[in-house]
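The sequence shown maps to residues -20 to -1, 1 to 603 in mature numbering (1 follows the signal peptide of the UniProt record, and there is no 0).
Yeah, the Cβ is synthetic: ideal placement off N, Cα and C, and Gly gets one too.
None of these values were measured; they are calculated from a predicted model.
Only one structure is covered here, and it is reproduced in the block below.
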Amino acid sequence: MKINYFLLLPLLYFSTPIFAQKSLSGFDKLTANQLELKTVSFDQDASAVILDESGYLDVNGGGHQLTTRRRIKILNEKAITEGDIQLLFYAHNNIEDIKNVKAQSINLVNGEYVSTPITDKDIFEIDVNKYYKAIRFAIPNVRVGTIIEYQYTLNSKQLYNIDAWQFQHELPTLKSNFKLKINTNADFTNLSVGQQLTDKYKNRKNIDTWELTNIPSYNGLQYVYNRKNVLESIRLQLSGYLADTGYKSTIGKWKDLKKEVKEDYSRLSNNVAVKKYAETIPNGATEKETLDNVVKKFQNDFKWNEFKGIYTNKTQKEILDTRSSNLADLNVLFNSILTNKGIKADLILLSSRSNGKLVTTFPYLDQFDYVINSVKLKDGNSYVINAVDIPKNTFKFAPLSLFNDYGFVLDNGVEENFVTLNQFLSENHVEFKYTVKDGELIEQRKDLFSGYFYDDEVKDSKDLINRYINSPIHVVNDDKGNELKFLQDKYVVNHTAKMGLNSSNFITLENPLAQFINAYTFTETNRKNKIEFNFPYYFKILVTVDIPEGYEVIKSDDFKGVVKTNDNLVYSQNSAVATNKLQILYEFYLGQAVYPATDYEMLKNHFEAVQKEVAKQITLKKK
C-alpha cells in the first residue's frame, strides 16, 4: 500500500502542539509525558509536581557554587501560588549570595506552547532578618496546566560543612539528579540521608553523580522532630586539605573538640567572683531545696540578650557585674555557681530540634547550637536546665526543643561521651461530674496537669484544657472557667458549664480522648527512622454521671477493655453503675517518647487496637 506522506503532514501539524519558545538554557527537553501529565501516580492528591530538577555543585578553594534548575507543573488551582518563588540565603558577612536568576512559564495557547519569561525588574532582594536575605520573584501567567521553569546559582564561601543537595521537597518529585565536582586540594566525606538514597547507593564509593525518581512529598513524614534529619539529601563534610606545610585533617577527635571548648570556657572563668555570688544564695534543708534557691535567684538576677550558640563572650566577673549575656555565658556561669554549691552539673553541647540531629561520627562544632546543664542530685533525680529559658513554675520540664536524640558531655571522662537526655512524664488528670438540676444538665470539670500539657502561650484556660481532652457531653451553654493556678507541682483549672436538658431520647457520652487518639495514623510501609513522639504522657480521666430520672444506661457488653502492648504502651477503659450513678474511667499511658524504627509495626498495631476501643460509647436512654 502506498502512503501519501504529504497528506499526513498537515494532520501531524494540527494534532501536536508546538513551541513558540524553548525551555531555559541547560534544561532537558520537555517530553510528551510531562506535557500531558494530569496526576501523580504515587500521590493522587498532589496539586503540583516537580517534573525534574538538577543540581551542579562546584567546590573550589574559595567556597562553592550550586547551580539549580527546577521544572514544576501546576495540576490544580490549589497550587497557583507555586509561581511565587523565594530563594533564601545566608547573607551575614557576605557569606552567600544568589546570582543568574532566570525563570519563565510555559502554557498551551491555541494549540501552541508559549513561554513567558521574567525580566530583571521582576526580581527583588529582601531582608528576612539580620542574618538572611532572599530573592523573590513571581512567575507570570500561572494557571492550571502551567509548567514553571527557573534556575539560579548560589555562591557561598562555606567549605567546612555544605548542604549539597535536597532531593525531597514539599511537592512530589518525578526526577532529581545531582552532580558534584571538587576543584580543590581537599577531601570531603559525603553524608547521605534518606531511605531511597541510602538503599540505592549504600555499596557505591567514589561517585560524583546521584539520581532519584518518584520521590514523595515530605508532608507524608510522620513522627520526626525535624524533617531535615530524614529528607533525601546529601551533605558534604570537609575531612582534610593540602596546606603549604602538608596535609591537614579537619576531623580530629572528639577529645580534641572537648579540650578546645573547655579551654575556651576556662579562660573567662573567675572562681573568686562566682564563689562570692554563690555565698549569697542560702542552702536548703535538702540538695533539691538548694537547687531551687539557685534557680530562683538566677532567674531574678540575670537576663538573656537573645543570642544563642555555644561560644562564650564575657568574663564571669563582667556577667556578674552587668547581669546580662548570651546563652553560652549564662549556662557556663550557672554551672560554676552549682559547682560552688556542691551540686553536680555537667555542661552539655547539643543540637536543638529545629537545628537537626547531631552527626556523631564527625566532631565539628558548627552542628551545635546550645550548651546547657545536666544536673544530677544525690537522690537520683536528673534535670535538664537551660539557664536562659527556665519554666516559670518548675524547672523539671525543660523546653521540648532541647530533647533531640543525643547531647555531648563536656566532662573529663571518656573520649566520646554522648548521652540521651530523658524527659519526665507529663500527667493529665481530669474529673467530669454531671448532674441534673431544675431541668438543666450541669458539667463540673476539674483539670490537674503537669509538664508539657501546660503551654504558657495559650492564654485562655478553656483553650488550654481542651487541647487534648474534650468533654464527653457537648454542653453548649458554656460558662467561664476559673483562673489557672499552680499548686503542688500541678496546674489546676476548675470549669462549670450547663445547658437545658433537651427532649432527646438519648444522651451520648463520647470518649474524651477520641479526637486525640484518632489523630495517630501509621501509613508507612518501610520505616527506617526512629519514631519520635513529642513527650511521654499519662492520661487519667474519670467521668461521673448522676443518671437522670427516667433514663437507663445502654452500653456494649465489651465496653471494658485493656490494650497493653508493653509496660510503656497501655490503654484501658472501664465503667460501673451503682445507685443511679454511672462512672467511667479512661487511662492512656505512653511512657517513652522515642522508639527505634523496628517498633513501627508494633506502634501501628497498638494505636489501631486502642482506636477500636475508643470507638465504643455509652449512652443514656429514656426508658
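From the options, pick the residue whose C-alpha is nearest to that of residue i; which is it?
i           : options                : result
N285        : G43, S27, S430, S304   : S304
S249        : F278, T266, T260, N293 : N293
L46         : I52, N80, H72, A28     : N80
A494        : E423, N273, Y471, E593 : E593
F519        : I445, N506, F539, D538 : I445
V533        : L489, L565, A573       : L489
S316        : N194, T599, S354       : S354
residue 604 : K470, G571, F466, E529 : The question about residue 604 has no answer, for the chain in this structure spans -20 to 603.
V574        : L154, V410, Y386, T48  : Y386
K235        : K9, N482, F342         : F342
K596        : A577, S555, G43, Y93   : S555
S136        : K2, N199, H72          : H72
T545        : E588, R507, T505, N560 : E588
residue 612 : D64, N306, L357        : Outside the shown range of the chain (-20 to 603) lies residue 612, about which nothing can therefore be said.
K155        : T178, S34, I162, D25   : S34
F568        : L549, L380, N462       : L549
L31         : R50, S552, S172, G43   : R50
E267        : G360, K508, V542       : G360
D64         : N121, F377, V523, D391 : N121
K478        : S484, G541, I422, P492 : I422
Could you tell me how far apart the beta carbons of residue i and residue j are, in whole angstroms, since I believe they sit closer than 8 Å?
i           : j    : result
I521        : L562 : Wrong, their Cβ atoms sit about 14 Å apart, outside the cutoff.
N157        : E191 : 4 Å
L330        : N373 : No, L330 and N373 are not in contact; Cβ-Cβ is about 24 Å, not under 8 Å.
Y448        : F466 : In fact, because the Cβ distance is near 18 Å, the residues do not count as touching under 8 Å.
Q176        : E150 : About 17 Å separates the two Cβ atoms, so there is no contact after all.
E62         : I52  : 6 Å
E129        : L17  : Not a contact, Cβ separation roughly 15 Å.
I106        : A114 : 5 Å
G174        : Q148 : 7 Å
residue 657 : V473 : For residue 657 there is no data in the structure shown, the boundaries of the chain being -20 and 603.
First and last residue of the beta strand (DSSP E) that includes residue i?
i    : result
A28  : 28 to 40
F388 : 386 to 389
N80  : 76 to 89
L4   : That residue, L4, is in no beta strand (DSSP E); it is neither H nor E in DSSP.
T96  : 92 to 97
Y111 : Where Y111 is concerned, there is no enclosing beta strand (DSSP E), given that its DSSP letter is neither H nor E.
T599 : 598 to 602
Y363 : 362 to 365
G43  : 43 to 54
Y70  : 64 to 70
N141 : 141 to 146
Buried or exposed: residue i, going by 16 or more other Cβ atoms within 10 Å of its Cβ?
i           : result
L88         : exposed
F486        : exposed
residue 609 : It is not possible to answer for residue 609, since the shown part of the chain is limited to -20 through 603.
H454        : exposed
residue 611 : Past the edges of the chain, shown from -20 to 603, lies residue 611, and the structure says nothing about it.
E243        : exposed
K238        : buried
F429        : buried
Y111        : exposed
I86         : buried
T193        : exposed
V410        : buried
Y(-8)       : Residue placement at Y(-8) cannot be trusted, given a pLDDT of 37 that sits under 50; what the coordinates show is reported in the next sentence. Flag for Y(-8) reads exposed.
L68         : exposed
L583        : buried
G431        : buried
G232        : exposed
T153        : buried
K256        : exposed
S332        : buried
In the DSSP assignment, the alpha helix (DSSP H) including residue i goes from what residue to what residue?
i    : result
Y257 : 251 to 258
D244 : 234 to 246
Y497 : Looking at the sequence itself, residue 497 is Ile, so the reference to Tyr does not match. 494 to 498 is the extent of the alpha helix (DSSP H) around I497.
Q591 : 580 to 594
K137 : That residue, K137, is in no alpha helix (DSSP H); it is neither H nor E in DSSP.
A12  : 12 to 16
K268 : 267 to 281
Does the beta carbon of residue i fall short of 6 Å from some heavy atom of the ligand HEM?
i    : result
K239 : With respect to the ligand HEM, the structure offers nothing, as it holds no ligand at all.
request  = Pick out the complete alpha helix (DSSP H) segments inside the stretch 301 to 356, 4 residues or longer, and give them in chain order.
outcome  = Uninterrupted alpha helix (DSSP H) stretches at least 4 residues long and entirely within the stretch 301 to 356 occur at 307 to 320, given in chain order.
inquiry  = In chain order, what are the residue ranges of uninterrupted beta strand (DSSP E) at least 3 long that sit wholly in the stretch 376 to 450?
reply    = With a minimum length of 3 residues, the continuous beta strand (DSSP E) runs that stay inside the stretch 376 to 450 are 386 to 389, 398 to 400, 406 to 417, 420 to 429.
key: Inside the stretch 148 to 225 only - alpha helix (DSSP H) runs reaching at least 4 residues   = Here the runs fully enclosed are 175 to 181.
ask   = What beta strand (DSSP E) runs, 3 residues minimum, are completely inside the stretch 463 to 490?
value = Secondary structure within the stretch 463 to 490: the beta strand (DSSP E) runs of 3 or more consecutive residues, fully enclosed, are 465 to 467, 470 to 480, 486 to 489 (chain order).
message = Please give the ranges of any alpha helix (DSSP H) in the stretch 487 to 573, keeping only runs that are unbroken, at least 4 residues long and fully inside the region.
response = Annotation note: the stretch 487 to 573 contains the following uninterrupted alpha helix (DSSP H) runs of length 4 or greater, listed N- to C-terminal: 494 to 498.
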